[in-house]
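So the structure is just underneath, and the comments pick up after that.
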Amino acid sequence: MDHLKTTLKQFSFPLLLQQILNASLIFLAVILIYLLGKELIYFAQMTFLHETSLGEFLEKILIFFLYFEFISMIVKYFRENYHFPMRYFLYIGITAMIRLIIVDHHNPVHTLLYAGVILTLMICYYIINKTPVERPGR
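Here the sequence shown is numbered in the numbering used here, starting from 9 and rising by one per residue.
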């Protein structure tokens, strides 16, 4: 009976969830690296084999950076002791909104709203960088 109590005390449900989350993020990183590689191959084909529009090329570059930023965020998560820095979410949001403006720029009101979102995200980034943060262990 004492052995069972000791085993149950050592079992930690949050630790189990953390391990599941870590495994899921590693699996997601592998998928993103594969998709990033596909984008690089597509760049090579687009550059050397096809004539493409500037808008399509810029859209593909921004998709590439979205994959790159998500992979960087996963790497940073493991380096920062299982913590996602907020600025990476802001980078991804800004890049996604720029891509949306490039792809869907036919409606001027939507484009203005997208630009407002980018401005809001940049203000948030400025506030995060200017605000002193007390971090344990630093």
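Idealized CB from N, CA, C, for every residue including glycine.
Give the DSSP-derived three-state secondary structure of residue i in the structure shown.
i	result
Leu57	coil
Tyr122	helix
Tyr96	helix
Thr103	helix
Ser20	coil
Thr128	helix
Gln26	helix
Tyr134	helix
Tyr50	helix
Pro140	coil
Tyr42	helix
Please list the terminal residues of the continuous alpha helix (DSSP H) segment that includes residue i.
i	result
Glu67	62-87
Below 7 Å CB to CB, which residues in the same chain sit around residue i once its five sequence neighbours on both sides are set aside?
i	result
Phe60	A quick correction: the sequence has Thr, not Phe, at residue 60. Excluding residues within five positions, the ones whose Cβ falls inside 7 Å are Met54.
Gly41	A small correction: the amino acid at residue 41 is Ile; Gly does not occupy that position in the sequence shown. Ile79, listed in sequence order.
Arg146	For Arg146, the pLDDT reaches just 49, beneath the cut-off of 50, and the residue's location in the model is therefore unreliable, although a value from the coordinates is still provided. Contacts found: none.
Beta-carbon within less than 6 Å of residue i's beta-carbon, same chain only, minus the 5 sequence neighbours each way: which residues are those?
i	result
Met105	Tyr122, Val125, Ile126
Leu129	Leu98, Gly101, Ile102
Leu66	Ile110
Hey, residue i and residue j are a contact pair by Cβ (cut 8 Å); roughly how many whole angstroms apart?
i	j	result
Tyr75	Leu25	That belief does not hold up - the Cβ atoms of Tyr75 and Leu25 are roughly 26 Å apart, past 8 Å.
Ile69	Arg95	About 21 Å; that fails the 8 Å criterion.
Arg107	Ile71	7 Å
Touch test, the segment 78-86 against the segment 22-42, Cβ-Cβ under 8 Å, three pairs minimum: yes
Segment contact flag, the segment 110-118 with the segment 72-83, C-beta cutoff 8 Å, min 3 pairs: no
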